[in-house]
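Protein chains in written order, with this note's numbering: chain D, 34 to 334; chain L, 124 to 212. Don't be surprised by glycine CBs; every beta carbon is placed ideally from N, CA and C.
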Amino acid sequence: MNRKWREQHERGSASAIRLIRWIALHLGRTPTRLLLHPITAYFLLTSSEGRRCSRQFLARATGKPPNLWNIARHIHSFASTILDRVYFCTDRFQYFDLQVHGHDMFDETMAQGSGCILLGSHLGSFEVLRMLALSHKRLPLKVLMDKERSETITRLLEALNPEIADSVISPGTPDVLLKVHEHLERGGMVGMLGDRTVPQDRVVHCRFFERDAPFPAAPFLLASVLKVPVILFFGLYRGGNRYDIHFEKLANRITVRRGRREADARHWAQQYAARLESHARRAPYNWFNFYDFWPDDIHHG
Amino acid sequence: MAELSPREMEVARLIVEALNLEDIEPDTIEPEQPLFNEGLGLDSIDALELALAISKKYDIQLRSDDPNNQRIFASLRALTGHIEQKLTA
């Protein structure tokens, strides 16, 4: 679905990313951020798909058609969070002003010892949480993500910190969720992103900005089968060096009834979609799903 | 259609029941047919539910660190063979 965007995205060749990574680590954050302006301009000028998806999303989230400056700000915000991944991956948290909301609820849930599913999104940065967890060893977070499908940029960033590879559970074999189960049984957290689907996923359609969009059912089915709480996570970039981290309890128990699977999964996915929409409305420049999020819309104009 | 052994029949019933496969009769599952992706078309959530159901019924833990998982989950016959092996071990 997002192949087109990914292909464009991959144009920033591996060597260019390596160069920026080198500059980022040797010059520090403030000087390197100056590079984000020409990078933003480059993508603004050359990525028609990126522009189109940005325009579509900003129009829906803000209720008015965006101008070129708004789109540039959107791309700049995306580029900023990618650059910051370099610093998160290398444990340079001293550069940042991180505000954590929902900390007590998070600690209470973890203290129950049953583990939890941490459901994130492509709104803002999931990396900020992942790397915080790695840097605080007492937060045992494993992320369920497809390594095979990860972008060049992800692989190059992960090369900065070999521990990252150990924190990934990659799907593809029938026993992948046994790994998830065993990690949760040990009281661990399993991170998933709830706003992208791949063709083999079980999908439910939810209302999102007054339209139907596909969401994966898997996080909710999994929480139901394993009887673990689900905490939502949003790592919103606020400009400058500020990130707002929000933890929100979705449910202590999710029940998906036999024979009512789809309807029950849709119910919970809709709760997630509503929270995602609420945050996306207040932080639209954090929306990093640069592809047709409402695929059915194309056919209906 | 291949004949199912009594234990294969039992595991086939467990699959249908645990995964709520309403439109499949246990005795129509081909023993050598793949359970996942193609064949019966199960996915990883089905695999998890099936592993939990097997653990409940037979007190056998399927673990992710078993190097034979790919083979164990390959078909009804392979899965049943694994269960029988564990039960007699």
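- The three-state secondary structure of S158(D), taken from DSSP, is coil.
- Residue environment: S113(D) is assigned as buried (16 or more neighbouring CB atoms within 10 Å of its CB, all protein chains considered).
- A straight-line Cα-Cα distance of about 10 angstroms links I147(L) and E140(L).
- Look at W327(D) here: in three-state DSSP terms it is coil, with no helix or strand label.
- When rounded, the separation of the alpha-carbon atoms in E133(L) and L171(L) is 18 angstroms.
- The shortest CA-to-CA distance from A250(D) to any of V161(D), R299(D) and R286(D) is the one to R299(D).
- Secondary structure at K175(D): strand, using DSSP grouped into helix, strand and coil.
- By the CB criterion at 8 angstroms, L101(D) and A57(D) fall outside the cutoff.
- E155(L) is a Cβ neighbour of R200(L), given a cutoff of 8 angstroms.
- About 13 angstroms separates the beta carbons of Y270(D) and S154(D), which is beyond the 8 angstroms limit, so they are not a contact pair.
- A105(D): member of the alpha helix (DSSP H) spanning L101 to C122, first to last residue.
- Within a 10 Å sphere around the beta-carbon of N160(L) sit fewer than 16 other beta-carbons, which makes this residue exposed.
- Chain L places a beta carbon closer than 8 angstroms to that of T206(D), counting this residue as a contact.
- The beta carbon of L78(D) sits closer than 6 angstroms to no other beta carbon from its chain once the five residues preceding and following it are set aside.
- The beta carbon of L175(L) sits closer than 8 angstroms to some beta carbon of chain D.
- With respect to chain L, the C-beta atom of K212(D) has a partner C-beta closer than 8 angstroms.
- For the 8 angstroms CB-CB criterion, P232(D) and F196(L) do not form a contact.
- For the C-beta of L254(D), the chain L residues within less than 7 angstroms are, from N- to C-terminus, I168.
- H238(D) and F326(D) have their alpha carbons spaced roughly 11 angstroms apart.
- R186(L) belongs to the set of residues whose beta carbon lies under 8 angstroms from a beta carbon in chain D.
- The residue from L167(D), L60(D), R291(D) and A94(D) with its alpha-carbon nearest to that of G224(D) is L167(D).
- Contact check between the region 123-140 of chain D and the region 273-287 of chain D: three or more CB pairs, one atom from each, fall below 8 angstroms, which counts as touching.
- The continuous alpha helix (DSSP H) containing D297(D) extends over residues R294 to R315.
- About 7 angstroms separates the CB atoms of T230(D) and F248(D); that is less than 8 angstroms, so the two are in contact.
- Rounded to the nearest whole angstrom, the C-alpha separation of L255(D) and N194(D) is 29 angstroms.
- Chain L places a beta carbon closer than 8 angstroms to that of G292(D), counting this residue as a contact.
- Residues A94 of the same chain have their beta carbon placed closer than 6 angstroms to that of R314(D), with the five preceding and five following residues left out of the count.
- Counting along the chain, P71(D) sits inside the alpha helix (DSSP H) bounded by residues L69 to T79.
- Look at the region 121-151 of chain D and you find these whole runs of beta strand (DSSP E), each 3 residues long or longer: 130-134.
- Taking S87(D) as the centre and dropping the five residues before and after it, the same chain places the C-beta of I104 and H107 closer than 6 angstroms to its C-beta, in chain order.
- In this structure, DSSP gives K282(D) an extended state, which the three-state scheme calls strand.
- Residue D124(D) holds the alpha-carbon nearest to the alpha-carbon of K170(D) among E184(D), D124(D) and D179(D).
- Residue-level contact check: L171(L) touches chain D, since one or more beta carbons of chain D fall below 8 angstroms from its beta carbon.
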